[in-house]
Structure formats: C-alpha cells, structure tokens
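*Asks:*
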Amino acid sequence: MCGRYALHTHPEVIALQLGVQGGAGIDARSTLAPERLAGWKPRWNIAPTETMPVVIARSDAAPQLHWLRWGLIPSWANDVSIGAKLNNARAESVTEKPAFRQAFSKPASRRGRCLIPADGYFEWQEAPAGVRGARKQPYYLQQANGKLLAMAGIWDSWQSAQGELFESFAVLTIAPNKEAALIHERMPVLIADEDRQRWLLGNPTEALALLRTAPDDTLRTHAVDRRMSSARIDDAQCIAAVKLNEPDEESPETKAASSDSHQDRQGRLL
DNA sequence: CCAGACGTTGTT
DNA sequence: GTCTGG
DNA sequence: CCAGACGTTGTT
DNA sequence: GTCTGG
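Numbering (numbering that gives the first Met the number 0), first residue to last: 0 to 269.
As structure tokens, then:
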C-alpha cells in the first residue's frame, strides 16, 4: 500500500499549509533554500527511491522541509538497496521492528519521525478473481477538503563508504477507513493539523496515540488511467479521473448509472 | 560466543 | 546498532 | 507500488 | 520466480 503518491503543490505553499517555518529560520539544506528550490518541479507519480520534500525536526529543532529519499535505509545497512523494500512501516509494529523502532522512539539529529506532504496517493485495486486478463485498477485518493495530506513517517540516515549521506523515510500504514477500504486493505497514517507538532516533537507515548485510522468521509477517491502504473510516466494526467468500463461479459447487465468513482466496482470488500 | 537478520504487500 | 538463533 | 529485466563475448 | 529501477 501507499507505494506511489503525488506532490505538485509548490514547497512555499506546502510550508504554509504544514506550519513549517520559512524565511530567516531555514538552513541551507532546507527545500526552501533558494538553490534547492530551483530544482523543484511538480510531481504526479512519485515512486520509492525518489527524493522528495519531507518535514523533519532535527533534535527537536523547528520543523523544516528537507529532501529525503523514499525507502528507509537503516544506519546499519550494507547498501542502499534495502531502502527499496522499506517504503512502508506497519503502525502496529513500528515500535518493535529493529529497522524502525529507534527512528520512532528515540529521535535524534539524524533520525526521527516525519510528515510526508502529499496532494494525494495511489492505490491499486485487485481485479475480481476469475476475470480473464484483468489487471489491477489504480485509484487516486485525496483529502476531501482539498488540503494537503500529511502522512506519518519515520526517517533515518545512512552513510556510504565514500562518506555520502543518505537521509531516507518510510510511510506508516494502518487499517483503512471507509473510503480507502473499498480499494485496499491498508492506508497511510494521516496526521491532523492540530497533531503535527505532537507527532514531530512529542514523546513516544504521545506519538503512539496518533497512530490511528483517519476518520471516515475524509477522503475522496477516483479511478485513474492505468498508464500511471508505470513509474516512468509523470504528468498531470496521472491523477485525472477516468470512467471505468464495465466488465463486458463477465457480469450480467450492470446498471449503467456509474459515477467516475469506485462505487460500481466493488463486491470484494465490505 | 559468532552469524545473520533487520520489511511490507500480497498471494497461496 | 541490536536482537535472535544456533 | 508496478513494470521490466533476467547475460556474455566480442565487435563497433 | 525474483530482483532492480523508477
């Protein structure tokens, strides 16, 4: 789950919406630093191993936007390749897993909890069993109120033998709410505006209390074109709503009144 | 003691 | 780094 | 997460 | 089937 997302909102707007300090407070490594901002471009189809703006608070300092690589590389890893597999961390076990627990429970200058800003994320719905040639249908999920999502994550640092520093993150996952459950059995942990500071700077007990499924009716979803399944495709079409064609022969007559949403495609879940 | 794992998702 | 398994 | 590759020798 | 790349 949550192996792809979109972030097309400009970093200055991200900072405003997520309460990240800009202006004088930023350091040279901030996404908002002029030389780093120059490299920014809107992204519609972000895959693991890519480097994206993430909100971190180094050693309890004021939260800032920094570029981190998606796919957590623990400090003890032999190489970066493990990161491709650790793009998610289960909320139910994040305090126990050796690769994750320090980042969660013992934040420091080079590891900790983070917020991953996203305009929305993608989820693939399994095709109904027995449908020949059926492939997974991707959906785009975004906040119903149009605001940015703040996904809960953890981050760590790894240094190569050549001394190159890699800062990387994983997205926490949990059981889905009502809308997400129609598509998939997991969803990212979402942090409400009023909980951001507590998530980033609170003690482990406070942070643990925020690992909850988002309330129902806070997300809206629509099917998107399958061409975005290739991570090489990265344009605004990736998040555009498409109307799904009904299965031609498999099911008897289906009611034609189908929205552009998932409501005509269910049956497996719930 | 050292060696080896350290993760999730989805599928069977 | 730290835990588990042998 | 999905898509795409999965290999060497020798020649250009 | 399994790993790598994006």
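Idealized CB from N, CA, C, for every residue including glycine.
Between S159, K177, P175 and P187, which has its C-alpha nearest A169's C-alpha?
*Replies:* Here residue 169 refers to the residue found at position 170 of the first sequence. Minimum Cα distance to A169 is reached at P187.
*Asks:* So, with DSSP's three-state summary, where would you put R100?
*Replies:* Counted from its first residue, the first sequence places residue 100 at position 101. Helix at R100.
*Asks:* Within 10 angstroms of the Cβ of L15, are there 16 or more other Cβ atoms? Answer buried if so, exposed if not.
*Replies:* Working through the first sequence from its first residue, we reach residue 15 at position 16. L15 is exposed by the Cβ-count criterion.
*Asks:* So the candidates are A149, L171, E49 and S228; which of them puts its Cα closest to the Cα of A102?
*Replies:* Here residue 102 corresponds to residue number 103 of the first sequence, with the count starting at 1. Of the listed residues, the one whose Cα sits closest to A102 is L171.
*Asks:* Can you tell me which of the three DSSP states Q124 falls into?
*Replies:* Position 125 of the first sequence, counting from 1, holds the residue named residue 124. In the structure shown, Q124 sits in a strand (DSSP, three-state: E or B).
*Asks:* Mind the definition here: the stretch 178 to 192 touches the stretch 148 to 165 only if three or more C-beta pairs lie below 8 Å; say whether that holds.
*Replies:* yes
*Asks:* At which residue ranges does the stretch 157 to 184 contain complete alpha helix (DSSP H) runs of 4 or more residues, listed in the order of the chain?
*Replies:* Listed in chain order, the alpha helix (DSSP H) elements of length 4 or more contained wholly in the stretch 157 to 184 are 177 to 180.
*Asks:* Taking C-beta to C-beta, are I233 and N44 nearer than 8 Å?
*Replies:* One-based indexing of the first sequence puts residue 233 at position 234. One-based indexing of the first sequence puts residue 44 at position 45. The sequence shown places Asp at residue 233, not Ile. Their beta carbons are under 8 Å apart, which means D233 touches N44 by this criterion.
*Asks:* Are the stretch 174 to 184 and the stretch 58 to 78 in contact at 8 Å, needing three or more beta carbon pairs?
*Replies:* The stretch 58 to 78 and the stretch 174 to 184 do not touch, with fewer than three beta-carbon pairs separated by less than 8 Å.
*Asks:* Taking G38 as the reference, give the member of A222, H65, T217 and A213 with the closest Cα.
*Replies:* Here residue 38 refers to the residue found at position 39 when the first sequence is read from its first residue. Closest option to G38, Cα to Cα, is H65.
*Asks:* Using a threshold of 8 Å, state whether the C-beta atoms of E325 and S156 are closer than that.
*Replies:* This structure cannot settle anything about residue 325, because the visible part of the chain is limited to 0 through 269.
*Asks:* Counting along the chain, where does the alpha helix (DSSP H) carrying Q16 start and finish?
*Replies:* One-based indexing of the first sequence puts residue 16 at position 17. Q16 -> alpha helix (DSSP H) spans P10 to Q16.
*Asks:* Run the CB neighbour count on L164, radius 10 Å, all protein chains shown included, and call it buried at 16 or more, exposed below.
*Replies:* Sequence index remark: in the first sequence, residue 164 carries index 165 (1-based). With fewer than 16 Cβ atoms within 10 Å of its Cβ, L164 is classed as exposed.
*Asks:* Identify whether A23 lies in helix, strand or coil by the three-state DSSP scheme.
*Replies:* The count along the first sequence starts at 1 and reaches residue 23 at position 24. Helix, per DSSP.
*Asks:* Are the beta-carbon atoms of P52 and I25 separated by less than 8 Å?
*Replies:* To locate residue 52, count along the first sequence from 1; it is residue 53. To locate residue 25, count along the first sequence from 1; it is residue 26. Against a cut-off of 8 Å, the Cβ pair of I25 and P52 comes out as no contact.
*Asks:* Rounded to whole angstroms, what is the Cα-Cα separation between R219 and E125?
*Replies:* Here residue 219 refers to the residue found at position 220 when the first sequence is read from its first residue. Here residue 125 refers to the residue found at position 126 when the first sequence is read from its first residue. One C-alpha to the other measures close to 19 Å.
*Asks:* Taking the beta strand (DSSP E) that R68 falls in, what are its first and last residues?
*Replies:* Mapped onto the first sequence, residue 68 falls at position 69. Where R68 is concerned, the enclosing beta strand (DSSP E) stretches over Q63 to W69.
*Asks:* Is it true that the CB of V54 sits closer than 8 Å to the CB of P47?
*Replies:* For the purposes of this step, residue 47 is identified with residue 48 of the first sequence, where counting begins at 1. For the purposes of this step, residue 54 is identified with residue 55 of the first sequence, where counting begins at 1. Taking the C-beta atoms as reference points, V54 is found no nearer than 8 Å to P47.
*Asks:* Return helix, strand or coil for E248, following the three-state DSSP convention.
*Replies:* Position 249 of the first sequence holds residue 248. In this predicted model, E248 has a pLDDT of only 42, less than 50, meaning its place in the structure is not dependable; the value taken from the coordinates is given anyway. Here E248 sits in coil by DSSP.
*Asks:* Here's the rule I'm using: 16 or more other beta-carbon atoms within 10 Å means buried, otherwise exposed. How should T204 be labelled?
*Replies:* Start at 1 with the first residue of the first sequence, and residue 204 comes out as number 205. Per the 10 Å Cβ criterion, exposed.
*Asks:* Within 10 angstroms of the Cβ of N86, are there 16 or more other Cβ atoms? Answer buried if so, exposed if not.
*Replies:* For the purposes of this step, residue 86 is taken as the residue at position 87 of the first sequence. Answer is buried; the Cβ neighbour count reaches 16.
*Asks:* Distance check for L140 and R42, CA to CA, integer angstroms please.
*Replies:* Reading the first sequence from its first residue, position 43 is the one you call residue 42. Reading the first sequence from its first residue, position 141 is the one you call residue 140. Spanning the two alpha carbons is a distance of roughly 15 Å.
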